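Taking it in order: structure first as structure tokens, then the write-up.
In the working numbering, the protein residues as written are 1 to 316.
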């Protein structure tokens with residue numbers, strides 16, 4: 001008998017985001033796997049979503065999938081761990097891929113740096129206890145993909161040119177990535193410590209180099225520390241901004257290199273909260289545009305997928 005023809009697709013996985021502020025309590029239940037959060041924390045997060053109107057994360061991720069499909073000539077699916085379109089369930093993307101006859105999927109988490117709090121949870125959501133109904137090529141990290149670095153550097157160079165024009169001099173650059181609990185870095189269950197912090201800093205270093213930044217003109221900090229769960233990774237953005245002021249700076253340009261599209265941690269945390277904090281301390285703040293539908297970013301995703309597809313088919 002002739003074996004069934006392989007049907008290949010790419011699956012993009014992301015965190016997910018509520019459609020409107022009223023959805024925040026249900027969304028947070030998914031984020032915490034049902035663990036209750038203090039009501040004050042829930043209300044504060046809903047307030048932040050209210051200030052930005054709505055998170056564009058889902059819309060932008062779906063657009064990234066469309067553009068990647070055009071680039072590769074392959075079907076591209078999108079699944080979210082904490083909101084619609086869900087990864088799992090009868091209406092989830094995994095079930096849809098099975099109905100569509102997909103036999104092999106390259107899975108890319110839209111978090112380039114590997115952390116058990118993001119990539120690890122996406123893998124768990126996709127595979128569950130029994131594995132996926134198709135062969136899975138799971139990308140563990142792609143933090144140093146050359147086209148990703150070039151895409152970030154392209155956005156950064158444009159932002160630096162504008163800031164220099166507005167301010168009269170190029171401000172120092174502050175790269176950021178989402179903080180995680182410090183306990184995440186510790187070895188767990190026989191596994192090595194989480195590589196996330198090292199990979200995030202390496203991405204920043206590569207982008208700085210690609211953009212032609214000199215040592216002493218850029219810094220790195222972790223942003224968006226959580227409200228519970230023990231100590232989170234630093235240094236914080238606030239402490240770093242104050243440190244830059246002490247060095248005689250009156251401006252800073254931020255670029256989050258742990259995120260690949262606009263969402264609440266960019267549109268609220270940076271554009272509202274950090275900008276307000278900087279202003280209160282006599283500092284002006286700019287932000288490099290997010291990658292969103294950048295053609296170079298889409299090429300980065302395509303390169304990651306093509307590299308994996310050139311390798312042997314994994315066992316189911």
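Using N, Cα and C, we set each Cβ at its ideal position, and we do this for glycine too.
This one's a predicted model, so the numbers in the text were calculated from it and none came from an experiment.
{"Item": "CA nearest to the CA of residue 120, picked from 158, 15, 207", "Value": "15"}
{"Item": "Own chain partners of residue 234 with C-beta closer than 8 angstroms, once the 5 adjacent residues on each side are dropped", "Value": "179, 221, 222, 225"}
{"Item": "Residue 74, DSSP secondary structure in three states", "Value": "coil"}
{"Item": "Where the beta strand (DSSP E) containing residue 175 begins and where it ends", "Value": "173 to 178"}
{"Item": "Coil, strand or helix - residue 1 by DSSP", "Value": "Since pLDDT at residue 1 reaches only 31, below the 50 mark, its modelled position is unreliable, and the value read off the structure follows with that caveat. Coil."}
{"Item": "Collapsed DSSP secondary structure at residue 35 in the structure displayed", "Value": "coil"}
{"Item": "CA-to-CA distance, residue 187 to residue 257, given in whole angstroms", "Value": "25 angstroms"}
{"Item": "Cβ shell of residue 42 (< 7 angstroms), same chain only, five flanking positions each side left out", "Value": "24, 25, 28"}
{"Item": "Inter-residue CB distance, residue 70 and residue 141 (contact presumed, cutoff 8 angstroms)", "Value": "Incorrect: roughly 25 angstroms between the Cβ atoms, too far for contact."}
{"Item": "Residue ranges of each beta strand (DSSP E) within the segment 111 to 188, 3 or longer", "Value": "135 to 138, 173 to 178"}
{"Item": "The alpha helix (DSSP H) enclosing residue 246, as first and last residue numbers", "Value": "237 to 246"}
{"Item": "Cα-Cα separation, residue 287 to residue 58", "Value": "21 angstroms"}
{"Item": "Cα-Cα separation, residue 127 to residue 34", "Value": "20 angstroms"}
{"Item": "C-alpha distance - residue 308 paired with residue 144, whole-angstrom precision", "Value": "15 angstroms"}
{"Item": "In DSSP terms, what residue 256 is bridged to", "Value": "176"}
{"Item": "Local conformation of residue 81 per DSSP, three classes", "Value": "coil"}
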